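Residue numbers (full-length UniProt numbering): 1 to 394. Quick notes on the structure that follows.
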Ligand SMILES: Cc1ncc(COP(=O)(O)O)c(C=O)c1O
């Protein structure tokens, strides 16, 4: 594409030397619209309670006089807090040198791609999955490849292992629960992939080098109680990295704090590519303050799980063009539903007219809705019933 057509497509001035492979690309992101009911980016809809707000303000005030200095580059206190949190949440004990934080798990993932991807390297995901992964790959000059999932969106382990043998990826990215489908990753499926990766070759790398398996657990706190997490396998698999975030269940998306648990070796690789002082003192103080209130921050997770189960059951009773809606099995705070929507954009628009913002994402025919407050979900139900009746009439 010429520079002129790039300028036409996304208004980038033609005289700027934008990288050739970025010409025509658009910035990533779901629409940020000013609508009453936003159920499109998988946030926790419940705002921090006044006591939490108070502690955050206090802790930020305490560090404000030190803001002439750079923050702790290694964010040791915060890594200790991740360790304490994960032990409580998943029963897994991890040392500070097995933990690493960044500005959202987006940045964690980008750092992993920077460290293990690159020209001549391939990363493998399982389709459909989170739509940011190809962007991290593009930005790090990594080739992005996909193995397909089963029709019910579970991992097709045989296809994934075949793809590992064929493309010899440096990274294998699994998502649990998966976005946009909500599908949990079965522990036995993860084990099979980890075993395959243990001996798999990496194209362009020396003999004895094996792929890193990244499990993105952004939504894992919404899983049904008792379900294991990939964290339990970190001691056993040196090439496993588990990405987590404070953005979802922990209700802290605005602060931009993600983290990862992995072997010290993986953390040390990522430390090579991180920006110096990437986590601001304000971010570190705010995150530590929020961890002082872990109970309050997580207090709505149970309720959101119940909302998810009730909404899934309700959606299954709805019909479109004479057929019941399909609902993907989910262990997350969102639901992929529809399955046979023949005009997703129209459904999206009609919902929006009624003040409800959801997401057109995933395979053709499906849409994703994130769990809101009880009032928001009541409005969603009302708007969806009206919308489906209008759209099916044509
Ligand atoms: C699967 C998955 N991973 C990672 C992220 C990034 O979250 P954050 O950067 O807020 O931690 C998201 C956000 O929606 C996601 O869906």
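Glycine included, every Cβ here is placed at the ideal spot set by N, Cα and C. It should be emphasised that the depicted structure is a prediction, and the values quoted were computed from it without experimental measurement.
Residue(s) in a DSSP beta bridge with residue i
i: residue 173; result: 214
i: residue 323; result: 320
i: residue 368; result: 336, 359
i: residue 145; result: 124
i: residue 155; result: 149
i: residue 99; result: 261
i: residue 38; result: 357
Backbone secondary structure at residue i - three-state DSSP
i: residue 85; result: helix
i: residue 334; result: strand
i: residue 198; result: helix
i: residue 109; result: helix
i: residue 127; result: strand
i: residue 246; result: coil
i: residue 1; result: Confidence in residue 1 is poor, its pLDDT being 34 and thus under 50, which makes the residue's placement unreliable; the coordinate value appears in the next sentence. The answer is coil: DSSP assigns residue 1 none of H, G, I, E or B.
i: residue 33; result: coil
i: residue 258; result: strand
i: residue 117; result: coil
i: residue 185; result: coil
i: residue 373; result: coil
i: residue 104; result: helix
i: residue 205; result: coil
i: residue 240; result: strand
i: residue 233; result: helix
i: residue 348; result: helix
i: residue 222; result: helix
i: residue 292; result: coil
i: residue 78; result: helix
Supposed close pair residue i, residue j - CB separation, criterion 8 Å
i: residue 114; j: residue 140; result: 5 Å
i: residue 360; j: residue 348; result: 5 Å
i: residue 261; j: residue 94; result: 5 Å
i: residue 43; j: residue 253; result: 5 Å
i: residue 339; j: residue 357; result: That pair is no contact at about 21 Å.
Any 3 or more C-beta pairs closer than 8 Å across the stretch 145-159 and the stretch 293-303: no
Heavy atoms of ligand 1 versus C-beta positions, residues under 6 Å: 42, 104, 105, 106, 130, 175, 179, 216, 218, 245, 247, 253, 258
Inter-stretch contact (C-beta, 8 Å, three-pair minimum) for the stretch 327-345 and the stretch 213-223: yes
Three CB pairs or more closer than 8 Å across the stretch 276-285 and the stretch 43-53: no
Cβ contact (3+ pairs, closer than 8 Å) linking the stretch 263-270 and the stretch 238-253: yes
Three or more C-beta pairs below 8 Å linking the stretch 57-69 and the stretch 282-294: yes
The stretch 308-326 contacting the stretch 152-168, beta-carbon criterion three pairs below 8 Å: no
Cβ contact check for the stretch 179-191 and the stretch 200-207: 3 or more pairs under 8 Å: no
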